[in-house]
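Chains V and Y supply the protein sequences, listed in that same order. Residues 276 to 679 (the working numbering) are what the first sequence spells out, left to right. Residues 490 to 762 (the working numbering) are what the second sequence spells out, left to right. Where a beta carbon is used, it is the ideal one built from N, C-alpha and C, also for glycine. These numbers come from a predicted model, not from an experiment. Data block below; observations after.
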Amino acid sequence: MKPVIEIHQLGKKYRIGKAEPYLALRDVLSTMARNIFRKENKDKQDFWALQDINLSIEKGERIGIIGRNGAGKSTLLKILSRVTWPTTGSAIIRGRLASLLEVGTGFHPELTGRENIYLNGSILGLKKAEINKQFDAIVDFSGVETFLDTPLKNYSSGMQLRLAFAVAAHLEPEVLLIDEVLAVGDLEFQKKCIGKMEEISKEHGRTLLFVSHNLKAINDICSRAVLLNMGKIKVDGPANEVIAEYISMANDHHTIENNISVRTEPIHVSEIRPINSIMEHKTTFTLGESIGISIVVSNKSWPQRFNLGIALNTIAKGRILVNTVQMPAVKPGTLKKIVAWLPSEELTPNSYTIDISVSDEYNNLIELSTDTAGFEISAVNTKFESLAYDYGVINKGLIWETVD
Amino acid sequence: MKETVIRINPPGASSFNLAELWENRELLYFFAWRDIKVKYKQTYLGILWAVLQPLLLMSLFYLVFFRALKVSVGMSYPVYTFAGLTLWGLFSSGITHSSESLLSSSQIIRKIYFPRILIPLASLLTSFIDFLIAFVLLVVLLVVFQQPVNWQAVFYFPAAIILTLIASFGIGTLLAALNVKYRDFRYLLPFAIQLLFFSSQVVYSIHSLEQGWLKIFLYCNPLNGALELFYYPLQNGNVATTGVLVSLSVAILFLLTGLFYFKKTEAYFADLI
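Structural data, given as structure tokens:
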């Protein structure tokens, strides 16, 4: 049987420059006038968001696409969902395709929940008859039946999200593309969604392409993963191996690129790295060795107080620890180094990653860096080395008591 | 069941995929349905707005142009202007809505694939539904004013409407695609609509003009040809065939240019919008 998705030498080029996201005729005319006198237009340069992508995906495969922000993950999904066109190469998709680059695409606040189910379903490619058939199941999954005839603008954002995902979950495509849609919403609902996605792909043999920063979700759902780096495929293979490669890649970089700046604020995290007790940078630690996370914060302009948050994750178990601290203002133009010492004596041998968040004093998020500065606690020469079972994350003995 | 195969290639010369358009006809319906719903939600008079505007304009034109300025159109003036305004409504709202349509759907365009031409097409469909409501009132007025209607109306009315739709869609699609890249056209539009209105034979009749060159010039506004066909069954005059042909040619020229430019730039909508 032929592969469900065949991607051959796919590439996408953007022109980046000082230009506005859209053009005004005036600019075009003035550029044309300038170009009469100058051969090259130096304001703009080519940028390959994707280059030389070759992939062959079989029916029923569940593929996770990982990589830093700007690695080309979303561009790849956009091309496959035909939202945008490639510059070079080609792709063939065999089967009915649905893509979920966003939940609730086309939702209209003035329309009721019922009306939006039909509208959104239709935009996602469902026929009216199919929506009719699935309507009760959609409403049931979303849990908003009492508000079905209320305009969407009166829904809470959580309810809107649940309704949106409910529609999406009931698409029955042969190929499903999903882009980081689970980043929003409460944990409980995320779990429900991941469960639904697993069900869709595992039980019905559907092909799934899944972009996420949530390495645990990728590890849980996907059998295979593709690591993109600067628009090219870096590794393609079994999910756990590719994730390990991604983490070691994160370890190699002292500066962070994998951050999402929510707002432009003076505070900026410019470095996150694991260190040992004598402040040396390293990524592999022995069991019980002191592990600190050194965070360098810079301030570009006005002094501002901020809150720093740190989360410790493992790939298999997700987030295991969160801590936040209030920081005094950093003087403009200076750097401040902060070290967070982890309870390393209570951690088992595992691969860990760090998320760092910066928010202002009112707890509005300024910057979030996920899965940066990973490190590993080695199992070599420890009692864990020979253990065949999952020994968990916390390395701590319990008090056992025999009660008659 | 036939296997669907999607081929993705760099943008090249391709024609409209009519089979795909047909496949997505329900989406066209849903887009139009949404626009109508949203348009009249939270309005007290609702769908009545579709007829209120031409009715008020007609009254004003009657007082100013007929009673005060003594403009002659060779038939009942209120019926003439109201008929003209109905068709004008289809033409102008078709252009206005479809030219704004891509920008106002930018959120969807960036996130999901479907034939993009459905968006201006749905806007046109919405305008057409408003037109049908106004047309019902026109029929009522014809009865009230005891206006004799030639039986040939069954051919002339649809012909006029189709010509209007072609012109409106052509201009609207062209402007919609241009708007994505050059937002200048947003500012040009209200002015262009005014120009089109005053060059349309809604308050006056082209037949009453004397300069031949001016007549031909005015028929370059495709609505004038459509109005010519629209008025014919109501009057005892004759159809200015040359005028209609000029209008038709201009309308088709706009349609082809619009579709060609739309197709050519469609690939970059999501990147630019």
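Inset, instruction - Might you give, ordered along the chain, the residues of its own chain that have their beta carbon closer than 8 Å to the beta carbon of V/ASP679, omitting 5 neighbours on each side? - result: none
Inset, instruction - Express the C-alpha separation of V/PHE485 and V/GLU336 in angstroms, rounding to a whole number. - result: 11 Å
Inset, instruction - Determine, using beta-carbon pairs with one atom in the stretch 391-402 of chain V and one in the stretch 439-448 of chain V, whether at least three such pairs fall under 8 Å. - result: yes
Legend entry - is_contact[Y/ASN498, chain V] using C-beta, thresh 9 Å: yes
Legend entry - Neighbouring residues, chain Y, relative to V/THR359 (Cβ below 7 Å): ALA759, ASP760
Legend entry - Any chain V beta carbon closer than 9 Å to Y/LEU703: no
Legend entry - Close Cβ partners of V/GLU660 (< 7 Å) along its chain, the five nearest in sequence each way excluded: ALA654
Legend entry - Pair within 9 Å by beta-carbon distance, V/MET505 and V/GLY345: yes
Legend entry - Within-9 Å CB hit, Y/PHE603 to chain V: yes
Inset, instruction - In the DSSP assignment, find the unbroken beta strand (DSSP E) run with Y/LEU716 in it and report its ends. - result: Where Y/LEU716 is concerned, there is no enclosing beta strand (DSSP E), although the alpha helix (DSSP H) it sits in stretches over 711-720.
Inset, instruction - Please classify V/GLU532: does DSSP put it in a helix, a strand, or coil? - result: Caution is warranted here: a pLDDT of 45 is assigned to V/GLU532, below 50, making its placement in the model unreliable, and no coordinate value can be reported.
Inset, instruction - Hey, could you find the ends of the beta strand (DSSP E) Y/ARG496 is sitting in? - result: 494-497
Inset, instruction - Anything in chain V within Cβ reach of Y/LYS752, meaning under 9 Å, just list it in chain order. - result: None at all; the shortest Cβ gap to chain V is about 12 Å.
Inset, instruction - Out of V/VAL378, V/ILE354, V/ILE332, V/HIS283, point me to the one whose CA is closest to Y/ASP760's CA. - result: V/ILE354
Legend entry - 9 Å Cβ cutoff, Y/GLU515 in contact with chain V: yes
Inset, instruction - Let me know the secondary structure DSSP gives V/LEU399 once reduced to three states. - result: coil
Legend entry - the stretch 721-755 of chain Y: positions lying closer than 7 Å to chain V by Cβ: none
Inset, instruction - Report yes if the C-beta distance between Y/ALA715 and Y/ILE650 is below 9 Å; otherwise report no. - result: yes
Legend entry - Partners in chain V for Y/THR493, counting only beta-carbon separations shorter than 9 Å: ILE368, ARG369, GLY370, ARG371, LEU372, GLU449
Legend entry - N- and C-terminal bounds of the alpha helix (DSSP H) containing Y/ALA611: 607-633
Inset, instruction - Could you tell me whether any non-hydrogen atom of the ligand FMN is closer than 8 Å to the CB of Y/LEU574? - result: By its list of ligands, the structure shown contains no ligand whatsoever, and the ligand FMN lies outside what it can speak to.
Inset, instruction - Let me know the secondary structure DSSP gives V/LEU662 once reduced to three states. - result: coil
Inset, instruction - Would you please verify whether the beta carbon of Y/ILE598 is less than 9 Å from any beta carbon of chain V? - result: yes
Inset, instruction - Please list the partners that Y/VAL527 has in chain V, where partner means a Cβ-to-Cβ separation under 8 Å. - result: HIS383, GLU385, LEU386
Inset, instruction - Please classify V/ASP415: is it buried, with 16 or more other beta-carbons within 10 angstroms of its beta-carbon, or exposed? - result: exposed
Inset, instruction - List the endpoints of the continuous beta strand (DSSP E) containing V/ASN574. - result: 567-574
Inset, instruction - Would you tell me roughly how many angstroms separate the C-alpha atoms of Y/LYS704 and Y/VAL628, rounded to the nearest one? - result: 29 Å
Inset, instruction - Compare the C-beta of Y/LYS559 against all C-beta atoms of chain V and say whether one is closer than 9 Å. - result: no
Inset, instruction - Kindly say whether V/GLY672, judged by its beta-carbon, lies nearer than 9 Å to any beta-carbon of chain Y. - result: no
Inset, instruction - Check whether the Cβ atoms of V/HIS488 and V/VAL633 lie closer than 9 Å to each other. - result: no
Inset, instruction - Could you check if Y/GLN683 is buried or exposed, using at least 16 other CB atoms within 10 Å of its CB as the buried criterion? - result: exposed
Legend entry - Euclidean distance between Cα positions of Y/TYR516 and V/ALA404: Residue identity differs from the one stated: residue 516 of chain Y is Leu in this sequence, not Tyr. Looking at the two C-alpha atoms, the distance is approximately 13 Å.
Inset, instruction - State the start and end residues of the unbroken alpha helix (DSSP H) segment that holds V/LEU596. - result: Unbroken run through V/LEU596 is the beta strand (DSSP E), 593-602; no alpha helix (DSSP H).
Legend entry - C-beta atoms of V/ILE413 and V/GLY396 nearer than 9 Å: yes
Legend entry - Cβ contact (3+ pairs, closer than 8 Å) linking the stretch 735-749 of chain Y and the stretch 672-680 of chain Y: no
Legend entry - 6 Å Cβ shell around Y/LEU718 - same chain, five flanking residues per side excluded: TYR645, ALA648, ALA649
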